[in-house]
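Chains as they are written, first to last, in the numbering used here: chain Y, 34 to 489; chain B, 104 to 889.
We put the CB at the ideal spot given by N, CA and C, even for glycine.
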Amino acid sequence: MLFLPLLIPWLAAIPLVLLDGRRKGVAWLAVGALAAHLAALAVLAVRVFAAGPQEAVTGEWPPGVGIVVRADALGMVFALLSSGVLLAALVHETVAGIEGRRFPAFVVFMAAGLTGLFLARDVFNFYVFFEVAMISAYALSTYGGQAREAGAAFVFAVVNLLGSFLFLLAVAGIYHQTGTLAMDGVTTGLATAAPNAALLIAVLVLVAFSVKLGLFPFHPWLPAVYIGARPAVAAILAGALANIGSYGVLRFGADVLPAQLRAGSVALVVLGSASIVYGAVQAIGRREAAEVLAYSTIGQVGYVFVAVGIGGAVGLAAAVLYAVVNGLNKALLFLSIDLRGWLVGAAFAVGAFSVVGVPPAAGFLGKVAMFQAGVEIGSVALVALIFLGGALSFLYMFQLYQSDFWAGTREVGRSAPRTRVVALALAVLVLGLGAWPEPLLAVSRDAAAALEGTRP
Amino acid sequence: MEPQTRTEPDERAPFVVSDSAARRRDGAGAEAGPLGPFPPAAALAATLAALAFAAILYAWLRGGGSIDLPWAPTLGLRLHFRLDALGALYALLATGIGAAVFLYSGRYLRLHLASDGRPARDERSFYAFMLLFAVSMVGLATAQDLLLLFVFWDLTAIASYFLIGFDRHETASWSGALMALLVTGITAVALLVGSVILFVAHGTFSLPEIIAHARPGTTLTVAAALIAVAGLAKSAQVPFHFWLPNAMVAPTPVSAYLHSAAMVAAGVLLIGRTYPLLAQSQLVLDGMLVVGLASMLTGGLIALTRERLKQVLAYSTVAQYGYMVALYGLGGAAGAVGGAFFVAAHALAKSALFMVSGAVTQASDGEERLGRLGGRWRTMPIVAVAGALAAAALAGLPLTVGFFKDELLFKAALKRGPLVTALVAAGPVLTLAYIGRFWGRIFLGRPRQAPTGPGSPPATLVAPIAVLALLSLAFGLWIAPLESLAGAVGSVSLAGKPAGISLAYYLDARATNLIALGVYALGGLLLATYRHWLPVAQGFARVALRFGPERAYVSSLRQANRLSSALHRVEVRDLRRRVAWVLVPCGVLVAAGLLATPTVGQYAIGKLGVGDAPLAILLALAAAAALAATVPRSQLVLVLVLSASGYSLAAVFALFGAPDVALVAVLVETLFALLFVAVFSLLPDDVLRREQSLSVSHSRRWRDPLVGVVSGFFALAVVWGTLSSPVPSDRRVAERLIDLAPAAHGKDVVTAILSDFRALDTLAEVTVLVIALAGVAGALTRRRSR
């Protein structure tokens with residue numbers, strides 16, 4: 034049961050990579066595989082939320098010898114979000130007509146990689162699945178096959194390989210310092226390690242995930258890639274792949290390296306704040322939708338960092354909530370980029386309201402959680418910063434919305450009604466999650482409670 | 104290879120219109136098509152609103168009632184609505200005036216659309232957002248939970264945004280909509296922050312519970328001030344008032360509904376609802392009084408100078424809500440009751456006046472300048488009379504409902520001494536003058552431009568005006584129902600204390616009567632000598648518009664766009680610097696980490712013996728090769744130098760007990776060298792030569808070594824700090840792996856690890872290879888097929 038959500042896409046992707054994904058039948062097969070995977074994930078998630086974490090060790094060896102695999106609330110939240118976004122992007126492309134032979138296979142491979150990563154409780158196993166997801170992402174970013182996409186893919190691969198290398202260095206350091214790769218052992222192992230070594234490992238982990246998230250100042254790869262890649266791929270990168278960064282910071286920061294997180298929380302808050310302001314200011318002057326959304330993403334991930342830096346039950350829950358909402362927003366907005374029509378305008382408006390935090394779009398829950406975290410620690414500066422970031426996002430989102438949908442620059446794009454289905458469904462989901470906030474609030478609270486950092 | 108982010112020459116802030124002359128004319132031309140049957144959408148909307156009005160009235164008369172459902176237990180949120188007096192007042196206004204405006208919209212909107220050459224089906228979104236607004240307003244009026252209140256608060260802003268932007272072809276409506284959204288949307292966040300502060304302090308968003316627990320203090324003052332800011336911005340108070348005149352680009356029914364009677368009233372509603380909290384801080388009350396008075400005078404003075412009908416009314420709205428805010432700021436029973444009473448009185452009069460302006464414009468070929476109208480009482484006598492009643496109510500003349508609103512104002516002000524009373528009395532003087540001018544210029548005198556429109560407006564345009572105007576008169580004559588409702592609303596705002604205010608006409612020389620008489624006299628004088636005062640008012644208006652907050656808004660939008668463009672010009676766009684932007688900050692963070700932790704004994708160099716010589720030599724070789732790699736221009740030499748570095752490291756492994764790693768390293772180095780050579784042989788010669796002869800820019804000449812040094816430093820620090828120190832072996836899992844290898848049927852521990860203990864990793868790595876192969880194959884086949 035624990036391995037089923039991992040095995041379904043992994044096994045399904047292997048035949049898919051041999052088939053021609055441009056054929057409708059093949060594409061729908063991939064959609065079916067992803068849907069089955071999502072269903073298995075949902076069943077597992079229900080069990081986790083009802084009965085607590087589910088654990089297994091490969092080969093039934095003692096933990097540490099075999100690889101520990103454990104599904105907990107945090108992993109399930111991010112797995113559901115990522116796979117949901119992958120499914121949405123795949124259906125979107127399938128309906129519109131897939132142009133790349135192996136596009137469906139890579140999407141399904143990425144689902145396997147991400148699921149493995151969210152289940153992994155072993156540092157090296159995490160890295161391996163991280164690579165599965167990343168290599169699928171590199172392959173996906175060439176989708177479209179033009180020079181523009183190839184250029185984006187090159188930048189993406191070079192910078193992110195560097196990030197992966199930094200993470201690998203951290204894994205090596207962890208193993209050397211603690212003698213184990215199992216996450217549970219790492220926390221206790223590092224407690225007795227030299228504080229300097231432990232902190233440097235934490236710095237590497239932080240940088241690696243900042244690169245994945247595209248946090249300022251590690252961001253310069255991100256706009257090029259989000260603009261150069263196809264909208265569906267940009268949606269995957271922003272809504273699914275970037276979760277590695279948010280999840281990684283939460284898992285490694287608040288669960289594996291909680292002492293180091295406490296020591297470096299100021300750095301997280303400073304980096305996050307810089308990213309919020311930088312991304313928002315850059316986004317204001319951009320006129321192309323993909324550009325605005327790319328810089329908006331840089332700004333929005335800053336909130337996740339700030340929330341993790343604030344920490345505690347409220348801060349970590351805010352980080353989870355914000356990451357989930359931001360993933361959904363960006364998936365919705367990117368998937369609507371190459372469409373037009375008034376319904377698309379409505380869906381885009383829902384996404385825009387969600388980004389700025391206007392109810393009933395789900396984004397306002399993220400804002401509530403952020404303000405709650407800021408007020409809880411009594412920081413006027415942070416509350417002001419979150420306020421400022423929100424104000425700037427109002428400006429860039431609605432300048433973009435008006436120029437695209439009112440001033441009518443959005444004349445090109447797909448107009449067939451069926452291509453709008455996914456964007457509309459996501460818009461309804463975003464509205465629904467905002468109007469009935471209990472699931473998101475409860476799930477993010479549980480996810481944060483799974484972390485070591487929330488324990489006193 | 105590099106995708107260049109498109110740079111925008113356009114640095115102007117889009118959707119900014121600072122020139123008020125660019126405001127589009129409102130209303131429709133006379134070339135409107137034939138009147139068809141009454142639009143069903145309008146009929147449906149009006150019926151729904153009327154039914155809702157009746158239902159709310161019935162429920163209120165039956166003693167109110169409440170709905171309380173769980174919403175989000177995690178935060179203790181409840182869908183808690185209660186039809187108390189405050190809720191009933193605003194819900195009745197929203198639905199009642201809504202019904203009148205929907206009736207009015209039926210014909211008006213058709214004519215409006217026809218004059219813009221738009222199809223009638225465009226009206227659907229209009230009614231959808233108007234209904235959304237009406238529902239949100241009822242929700243807002245009855246919500247008892249601060250977060251629920253915030254949801255409806257923003258829903259009204261959303262409806263307002265789309266309705267202001269209803270005329271999509273007009274650039275002025277883009278900027279007006281954006282301005283209204285930014286001002287009311289961003290200040291709404293202040294309401295959210297205030298609510299969250301109260302939540303953190305009291306553990307609940309439930310307003311009744313917070314009111315029961317709140318005690319004066321800094322926390323409460325801050326929260327109350329934030330909530331008040333949101334309310335003031337929504338009610339178009341100085342310095343946020345400028346969005347309202349710009350929102351007049353919306354079709355007139357929208358102005359008559361949202362931007363006079365309902366959405367703007369939401370700010371005062373919020374103040375009335377949270378008044379038990381606000382009133383605990385004298386600072387907040389004084390702030391509201393100052394803002395109210397400032398808005399009253401600013402709005403009144405500018406309204407005197409405006410030429411366009413709706414602009415006069417918009418600034419009048421700013422001024423009138425200034426009265427209400429000032430009333431709440433004055434405090435006490437008179438303030439709380441007066442604020443509520445004022446809302447109702449103003450809503451009836453102002454909606455009617457907006458609809459008058461729409462009807463007049465409609466009947467005059469779209470003309471909306473006071474200077475070009477005149478003598479309209481001949482062609483539209485009913486509108487003229489109804490307009491006169493509404494104007495009288497606004498000006499607070501006796502026998503209209505307006506008389507009592509001013510009486511309450513004076514009563515509350517008298518408690519604060521003569522200065523406040525004098526300032527407060529200045530408002531009604533201005534009101535009398537500008538509304539007198541407004542009405543007189545439209546209806547009296549000779550027609551300054553012959554009416555070319557269809558003459559008398561259709562009955563469905565006139566009827567709603569007449570009804571609202573008659574209500575203004577009726578409540579002036581029979582004050583009891585409104586008096587008791589406003590009294591009950593006041594007691595909600597006073598946290599349950601009875602307000603004890605009674606209203607009636609007293610024909611004696613009491614202070615309020617004397618002030619009223621003085622106001623009429625001064626107002627009449629001002630109206631009569633209007634021409635002499637005009638330059639003063641115009642000067643004030645010019646200064647206010649030139650240096651006022653609207654200017655600040657426009658220039659801050661411009662500056663934000665300019666700053667963004669400037670920042671974008673220095674944004675990194677080439678691969679080399681993108682890599683540097685990962686390495687350098689990483690180096691800075693590592694340095695910060697080194698400074699933050701004790702490093703004593705961590706970076707000590709041990710003794711170097713003779714036995715270490717081979718190691719030292721090999722490492723020096725590797726380092727020398729790495730340094731040498733910066734020199735050659737030829738690609739082939741570069742690859743060979745890099746391999747030299749790699750082979751030296753492989754030799755290190757071979758010498759220090761890891762022959763298998765050394766083998767792998769040699770294999771990899773060889774493969775890569777061959778691969779590079781193969782690629783170079785495939786590339787055209789001139790490409791290679793061109794790359795070799797590229798000159799290195801000046802900035803790169805110092806930047807590249809710097810980046811290299813920084814990244815070398817942090818890599819050294821990290822590797823030295825984390826990987827070189829000996830770690831006690833007792834807790835290593837490696838020993839257990841060696842012990843367990845036989846149980847995994849592995850001949851050696853590496854095999855056991857790869858194929859059993861960590862087989863999942865191996866499988867995943869194989870998958871990585873499969874994906875990489877598929878990706879490369881895809882890239883190659885695409886290339887071939889091109």
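- For the C-beta of B/ILE300, the chain Y residues within less than 7 Å are, from N- to C-terminus, VAL408.
- Around B/GLN705, the beta-carbon contacts reaching into chain Y at under 9 Å are ALA227, ASN229 and ALA230.
- For B/VAL341, the nearest beta carbon of chain Y is not closer than 8 Å to its own beta carbon.
- Under the three-state reduction of DSSP output, Y/TRP94 falls in the coil class, being neither helix nor strand.
- Annotation for Y/ALA215: PRO96, GLY97, VAL101 and ASP155 place their beta carbon closer than 6 Å to its own, counting only its chain and skipping 5 residues before and after.
- DSSP places B/LEU180 in the uninterrupted beta strand (DSSP E) bounded by 180–185.
- Secondary structure of Y/TRP439 (DSSP, three-state): helix.
- The C-beta of Y/ALA296 comes closer than 8 Å to at least one C-beta of chain B.
- Residue range 101–104 is occupied by the beta strand (DSSP E) that includes Y/VAL101.
- At least one CB atom of chain Y sits nearer than 8 Å to the CB of B/ALA877.
- Closest by C-alpha distance to Y/GLY108, out of Y/GLY441, Y/ALA203, Y/MET143 and Y/LEU147, is Y/LEU147.
- Residue ranges of uninterrupted alpha helix (DSSP H) with 4 or more members are absent from the segment 278–313 of chain B; none lies entirely inside it.
- Bounds of the beta strand (DSSP E) holding B/TRP174 are 169–175.
- Contact with chain Y is absent for B/GLY370, since none of that chain's Cβ atoms lies less than 8 Å from the residue's Cβ.
- Not a single CB atom of chain Y sits nearer than 8 Å to the CB of B/PHE236.
- With respect to B/VAL303, Y/VAL408 sits close: the two C-beta atoms are nearer than 8 Å.
- Here B/ALA496 really is in contact with B/ALA448; their C-beta atoms are around 7 Å apart, less than 8 Å.
- When secondary structure is reduced to three states using DSSP, B/LEU866 falls in the helix class.
- Taking 7 Å as the upper bound on Cβ-Cβ separation, chain Y lies near residues GLY268, ARG271, TRP277 and LEU281 of the segment 268–283 of chain B.
- Nearest C-alpha to Y/ALA414 among Y/VAL339, Y/ASN276, Y/VAL90 and Y/TYR434: Y/VAL339.
- Close partners of Y/ILE41 in chain B (Cβ separation under 7 Å) are lacking, with about 14 Å as the shortest Cβ gap.
- Out of B/ILE289, B/ILE200 and B/LEU573, the CA that lies nearest to the CA of Y/ILE419 is found in B/ILE289.
- According to the DSSP secondary-structure assignment, B/GLU226 is paired through a beta bridge with no residue.
- What Y/LEU474 touches in chain B, judged by beta-carbon distance under 7 Å, is ALA175, THR177 and LEU178, going in chain order.
- Along the segment 834–865 of chain B, going in chain order, the ones with a CB nearer than 8 Å to a CB of chain Y are ARG834, ARG835, VAL836, ALA837, ARG839, LEU840, LEU843, ALA847, ASP859, PHE860, ARG861, ALA862, LEU863 and ASP864.
- Secondary-structure assignment with DSSP links B/LEU151 through no beta bridge to anything.
- Chain B places no beta carbon closer than 8 Å to that of Y/VAL110, leaving this residue out of the contacts.
- Counting the other Cβ atoms within 10 Å of the Cβ of B/ARG227 gives fewer than 16, which makes it exposed.
- Flagged as an interface residue toward chain B: Y/GLU471, by a C-beta distance shorter than 8 Å.
- Against B/HIS671, the close residues of chain Y are GLN315, GLY318 and ARG319, in the order they occur along the chain (beta-carbon pairs closer than 8 Å).
- Look at B/ASP851 here: in three-state DSSP terms it is coil, with no helix or strand label.
- For chain B, the residues of the segment 259–293 of chain Y that bring a beta carbon within less than 8 Å of one of its beta carbons are ILE260 and GLY261, in chain order.
- The contact set of Y/GLY423 on chain B, defined by CB atoms closer than 8 Å, consists of ILE289 and VAL292 in chain order.
- A direct Cα-Cα distance of roughly 34 Å separates B/ALA175 from Y/MET143.
- Under DSSP, no beta-bridge partner is assigned to Y/GLU324.
- Taking 8 Å as the cut-off, the Cβ atoms of B/ARG481 and B/ARG411 do not count as close.
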